[in-house]
Amino acid sequence: MTEPFDAIVLGAGGAGLMCAFTAGQLGKRVLIVDHADAPGKKILISGGGRCNFTNLHTAADRYLSANPHFAKSALGRYGASDFIALVDKHRIAWHEKTLGQLFCDGSARQIVAMLLAECEAGEVAIRLDSPVRDVTHTDGRFTVAHGDRAASAPALVIATGGPSIPKLGATGFAYDLARRFGLKVVEPRPALVPLTLPQDEALFRELSGVATPVVARAGRATFAEAALFTHRGLSGPAILQVSSYWRHGEEIGVDFLPDQPAGWLLEAKRARPRATLKSALPLPDRLAAAIAERLALDGELGRQRDAALTQAERRLADWRFRPNGTEGFAKAEVTVGGISTADLSSKTMEARRMPGLYAVGEAVDVTGWLGGYNFQWAWASGWAAGRAI
Ligand code: FDA
């Protein structure tokens, strides 16, 4: 027997849950189907278990997409303040950590519990442990065979996310399904992901565990946050941020001393001529040693030519690394690329040429910066589709 619904949402992550309860509370009969054994698994592990659920500075220019304007409509209609109101309604205590990033004081579990309570209020049916076996479309209805059951509805929402962190049940299912219904997919690649360095950068790979505040750049994108050296290359928030903009074969630039005024090394030479470059670098010891070795300015500062020190200062302000890759989808927090926004309405998330088919959340070619922006997109796009179903 095929059970009838008004909408079937594939994926019980942040976007799918938000979409389902929004529609459910507007009187729609909604079914969520997920192959995982629990809803919101990425929410649970996010923000170190405290879920960085939104960002006060949410704006479309903090998202990557082939169409940089696409996210404006949904983010404009369901913003950070709307989600904060929901969190407050459920009496979940939260705080701003830094840079507008809002976290639960307690646990990410509270966010999942809140979304499930809202689903209950909207009488949403949730079926977990239910792999989708088949999706067909006939006579204006989508039929979803899942587990040993089947359901049909005039609206189908793809909310199965991107392929980042497959061990949590992430798949490229959204793209396969979208393609089957004639939607294009912008090539997906891992984002918010550590970058790997080649063997000839062994000097830096030996610094595993050293962190320092930097300004990191890839193309025109710049981020002032911490960088962290790992045994495979570079990580930390500044590097994760630029990884979303980085393309294979390109260099990234790192300003190791963003707060030092121009000419500081010449000034150090005059003030402390007996100091070495290593001791003059206001950086963690091991990093200062590696950089001094690379710059090969041996001996006291007082013995260095001014031109050599000026050159060293320039290199420190724009140290070039040429990563040889990333740590891949296994370690990527999100996926850049996905279902093409050209095929979707920015207001409703509905496919332009396939009425009744919607795509929300990370499955879509909209990817936020690190810091709560990706959940805000999941909430906003889920809400937009939920209202439109
Ligand atoms: P999401 O991936 O959450 O959900 C998709 C659902 O679909 C899953 O339940 C999955 O099981 C299901 N599914 C997949 N394939 C299926 C199939 N074939 N059949 C049925 N179901 C299927 N963002 C942020 O803003 N703040 C933060 O603090 C963090 N922290 C963070 C930490 C880590 C470690 C990661 C990996 C990611 C983050 N993120 C984040 C990113 C954030 O988790 C992500 O952008 C959202 O969870 C995306 O929500 P979606 O609902 O679109 O997909």
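Everything in the sequence shown is counted per full-length UniProt numbering, starting at 1 for the first residue and increasing by one. Every residue, glycine too, gets a C-beta built ideally from N, C-alpha and C. Because the structure is a prediction, the values reported are computed rather than measured.
- With fewer than three CB-CB distances shorter than 8 Å, the segment 172-182 does not count as touching the segment 294-308.
- Within its own chain, the residues whose Cβ lies closer than 7 Å to the Cβ of Ser244, once the five positions on either side in sequence are excluded, are Leu64, Ala191, Leu192, Val336 and Thr367, listed in chain order.
- Close CB contacts of Ala7 within its chain, under the 7 Å cut and outside five residues either way in sequence, are with Ala23, Lys28, Val30, Ala153, Ala155, Val157 and Ile389 (chain order).
- The way I'd put it, the segment 246-262 does touch the segment 315-333; three or more beta-carbon pairs between them come closer than 8 Å.
- Distance between Ala271 and Arg109, taken at the CA atoms: about 55 Å.
- Under the DSSP assignment, Asp255 falls in the beta strand (DSSP E) whose first and last residues are Ile252 to Asp255.
- Close CB contacts of Ala145 within its chain, under the 7 Å cut and outside five residues either way in sequence, are with Arg133 and Asp134 (chain order).
- Counted as a single uninterrupted DSSP element, the alpha helix (DSSP H) harbouring Thr310 occupies residues Asp306 to Ala317.
- Remark: three or more beta-carbon pairs, one from each stretch, lie closer than 8 Å, so the segment 364-379 and the segment 55-70 are flagged as touching.
- Between Ala296 and Arg50, the alpha-carbon positions lie close to 45 Å from each other.
- Per the DSSP secondary-structure output, His95 pairs in a beta bridge with Phe103.
- Annotated three-state conformation of Leu195 is strand, per DSSP.
- Around Ala275, the same chain offers Ala268, Glu300 and Leu301 as residues with beta carbons nearer than 8 Å, after the five sequence neighbours per side are excluded.
- Per DSSP, the unbroken beta strand (DSSP E) holding Phe53 starts and ends at Asn52 to Asn55.
- DSSP places Ser279 in the helix class (H, G or I) of the three-state scheme.
- Excluding residues up to 5 positions away in sequence, Ala20, Phe21, Gly24, Val30 and Ile32 lie with their Cβ nearer than 7 Å to the Cβ of Val124 in the same chain.
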